[in-house]
Amino acid sequence: MTHASDLVRVKDLSVCYSAAGQSVPAVKHATFSIGAGEVLGLLGESGSGKSTLALSLSRMLPANARYESGAITFRGRNLLPMSEKQLGAVRGAEIAIIWQDPALALNPVMRVGQQIAEVLRAHGCRDRHERVERVQAVLTDVGFQRPSEAASAYPHQLSGGQRQRVGIAQALCCRPSLVIADEPTSKLDSALQVEILALLAKLRALHHMAYLIISHDPAVFGGWTDRMLVMYAGEIVEEGSREQVFGHPLHPYSQGLVRLSGAPAGAPRQLLPVIPGEAPDLTRRPAGCAFEPRCPERMKVCAASHPAQSTPEANRQVSCFKYE
Amino acid sequence: MNSQPSAPATPPPLLRVQELAKIYFRRGSLTHPGSRVQAVKGVSFSIEPGSTLGLAGSSGCGKSTVARCISRIERPDEGEILFEGHDLAALSFRELRPFRPAIQMVFQDAATAMNPSFSAAEIIAEPLLIQGIGTAKERAARVRQAMQEAGLPAEWSGRAAHEFSGGQRQRLTLARALVLKPKLLVLDEPLTGLDVSTRAQIANLLLEVQAAHGITYLFLSHDLFLLGHLADRIAVMSDGQLVEEGPTSQIMASPQHPETRKLLAASGRQLAPAGAGR
Amino acid sequence: MKSYVARRLARAVLLLFAVSVLCFLLTRLAPGSFFDEIRLNPQISPHTIAALQARYGLDQPLPLRYGRWARSVVRGDFGFSIAYNTPVAQLMWAPAEHTLLLGGVAMLLCWLISVPLAVWSAAYERSWFDRGVSALTSFIISIPEIVLALGLLAFAVRSHALPVGGMTSIGFDELTGWGKAMDIARHMLAPVVILVLVATPVIVRHLRASVAEVLHAPFVEAARGCGIGGARLLFRHVLPAAANPAISLFGLSLAALLSGSLLVEVVTGWPGLGPLILDATLARDLDVVVAAAMLGAAMMIVGNFAADLLLLAADPRIRTGSPDAG
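Protein chains in written order, with this note's numbering: chain A, 621 to 944; chain B, 55 to 332; chain C, 127 to 452.
What follows is the structure in structure tokens.
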């Protein structure tokens, strides 16, 4: 499912973490692509490898991460063999990240406007006045009514929602072509979540950058997400358009998640439809499908061997024996 | 002769809060003057025994302050907190001691709510130790029982807290809260920050525990979707005041106050399959 | 702001008063007096000694003597030195300047070396450079100051590389301005090196630990994710956030500016406050001793105050009273 206008092409990517002498696989044989201006949603829970996959796109993984195989192509250039210096030119200017916790992602002793200006400076904006102007412009874009006041504030003087807006401003100030949003709303309460997601949608409509949105909550992927990837235990288990994946999910895990989020608020004290069990321990690598222990539709073959990717419909992929 | 049948006696509410108020003072520093913040004002509600009251509101609305006043981590400046008829707000710290086991609190961030190097057994046994309940053997038995109820395997009792995953840690805090067999459990956003499926599992666990023991819940959350499943009644707070209250079905179906509508809209994010834009 | 400064000033005055009383008391209560040695001399009659004692007020009760001393402080004399027969203030000016010069140069060099060393050490954590710096600092810290001083002295004397003793050579006055500066510099080299060796390892270790901790903070990773890197990241982003422990140490450095070099001055013969105070203590020239102690206390107050102001300037969280101020 690759197109000529693909911005990012990930092929057979596998990433491991070495911890305490063991090698823990975080991402296994991931293959997908993001087109220019496309919004790709990555749905998965803790331990699914979604953050690892996303952060590997700009090589922002911690020191103990190993790229076991695969290639990451951005605008035709393979990112994996690049040096830190070359990556420094890509990060911020072409691929930017919006972090989960805005309180932690900002420097506590530097004014917010200065922090955005630093990104501009790092990517060639030499003129101080131009930097000030651009900082004001991007702060207005993300919704600050009084950008000059906001620019001179310190992070601890801002509310959680304002801090996240600053994080978004910092990511967008150099007009990157890909924005990776790692759980951009998990640390915010629900009213703020709506605001921030609306902001992201509006900015996308304005600047047409591509997004990779990561979340464990299906409700985050609003009407503006184009395609969806569902990850479980380091593998992409389902891929398709948003309507397809949420409208009629194929993989039992996706089905479970969709059923859970869509459960109507009926009579109180009703038990929610849960997916039993817990996320698997990644150090143990079962021979069969990783979801098998929790799957309500498991078959004998599921424990014995690993399902391959199949294409039951056009532009859809799923890794499940049901469709093989 | 009185031939009128007497009305069935309704049990008195387990908890009744009247006109609760709390003010925080922020100390002045070198360059800024001190400030006075009215965190909570004129809050009144009651909870029937065995039921769940959902206290909803965005961050900063004062619901955490209310929770802390009820569990007497802090003392309210005004108002009454009538627990089974006793006014907790008027009692001193020492006088509160006999009431402590009956009111337990579960916090949002399980990771910071307990010592990460303690083992699970130590964490769960601690309240028993503090209250001086039982012998070591009896305590161990109660710890096992609490772990089983919370869905934690008994073999994990020796594991250190930092080795547990997010959802497991929350089960651990729940086990710790349950070990004293409380009558009222105050839960301050206990499911925020958990994965969607973990959240559902623990929500179900809370329902099961409530059904088994008849515990009363005061459940704080900004997520009305969740409260719609867990609570019998919902009270909405905004800016330190209670703005709306009623049975869950009524609040969810026809919210009156703009804050309630805002929360409902935020939580009612359904997966619009037909591409309904935002 | 004004009330803050006024409060600090008032507290400082009270503190100095308390220190002066304590010093005064302790020195007077300690056994021995200035005239003990003279008493041993059979040629001087007890009558003369009694007259001398009366003249310097040594026979009066303590509170009266304190009052006399306090009056002399207000006058600007800070007491009277029996040994040198001059008011203490006049006596201490020149040595104080010399000590300030020595301490100031040492402090400047020390910080100029420590900061980059600590930052680069932390940036390349566990590299050979870092491990080397760590080993070296551990080694130097474990050597007592006097051993370092004597060791360097021995080296200087044997190698004839540095002049030892005093601040200037003979024939100083005939040198040109530049020549004079160079002469002083050469004499200063040994004591400065000792002072720098003593102070640098402590600062390096503390700052390195703080910078290493900040380097693992999420906001540093976020900055890297924006493409900021290299020296700019280290010195403009990381260092300010890691500066708090260093600022406290800076305050202490400042506080010890006049008193920290006492040993070194005595050993290397630098004409500063060190030898003066030592002699006065041994000779029981008590007004000089009290004045020296007061000077030390005053510098401590100044150093603390400077550190507090710097902390306010450097950490906005403290400035605005944020609940999570470091």
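Cβ atoms here follow ideal geometry from the backbone N, Cα and C, with glycine treated the same way. All of these numbers come straight from a predicted model, not from anything done at the bench.
By a C-beta neighbour count over all protein chains shown, 10 Å radius and 16 as the cutoff for buried, is residue i buried or exposed?
i	result
A/N727	buried
A/P701	exposed
A/I654	buried
A/Y831	buried
C/G202	exposed
C/I272	exposed
B/L238	buried
C/Y250	exposed
B/D3	Outside the modelled stretch of chain B, which goes from 55 to 332, sits residue 3 of chain B, for which no answer is possible.
C/A232	buried
B/K117	buried
A/Y873	buried
B/E298	buried
B/S308	exposed
C/S247	buried
Flag this pair as yes or no: are the beta carbons of residue i and residue j separated by less than 8 Å?
i	j	result
C/G422	C/L384	yes
A/W719	A/D809	no
A/G712	A/C794	yes
A/G948	A/M851	Because chain A here runs from 621 to 944, residue 948 of chain A falls outside it and cannot be looked at.
A/E944	A/S930	yes
B/E149	B/K76	no
B/L206	B/R193	no
C/L228	C/G398	yes
C/I239	C/T326	yes
B/V268	B/G108	Contrary to the premise, residue 268 of chain B reads as Gly rather than Val in this sequence. Cβ distance not < 8 Å, so B/G268 and B/G108 don't count as in contact.
C/M420	C/L243	no
B/T227	B/M168	yes
Comparing the C-beta of residue i with each C-beta of chain A, is any distance below 8 Å?
i	result
C/P344	yes
C/E443	With the sequence shown as reference, residue 443 of chain C is identified as Arg, and Glu is not the correct amino acid for it. Answer yes: the Cβ-Cβ gap between C/R443 and chain A drops below 8 Å somewhere.
B/G220	yes
B/L206	no
B/Q92	no
C/A440	yes
B/V240	no
B/K107	The residue you asked about is not Lys; residue 107 of chain B is Leu in the sequence shown. No, B/L107 does not count as interfacial toward chain A.
Please check if any C-beta of chain B sits within less than 8 Å of the C-beta of residue i.
i	result
A/A811	yes
A/D837	yes
A/E855	no
A/V945	Nothing about residue 945 of chain A can be read from this structure; chain A reaches only from 621 to 944.
A/I895	yes
A/G708	no
A/Q890	yes
Residue i by DSSP, collapsed to three states: which one?
i	result
B/G108	strand
A/C614	As shown, chain A starts at 621 and ends at 944. That puts residue 614 of chain A outside it, with no answer to give.
A/H649	strand
B/V120	helix
A/Q784	helix
A/I654	strand
C/V290	coil
C/C352	coil
B/L318	helix
B/K95	strand
A/E665	coil
B/E299	strand
C/P442	helix
A/G897	coil
A/Y943	helix
C/M233	helix
Is the CB of residue i under 8 Å away from at least one CB in chain C?
i	result
A/N727	yes
A/R711	yes
A/A716	yes
If you measure from the CB of residue i, is any heavy atom of the ligand COA nearer than 7 Å?
i	result
C/A261	What this structure holds is no ligand at all, so the ligand COA is not there to describe.
I believe residue i touches residue j by the beta-carbon criterion, under 8 Å. Please report the beta-carbon distance rounded to the nearest angstrom.
i	j	result
B/L280	B/L245	6 Å
C/W396	C/P317	5 Å
A/L870	A/L880	Not really, about 16 Å apart at Cβ, beyond 8 Å.
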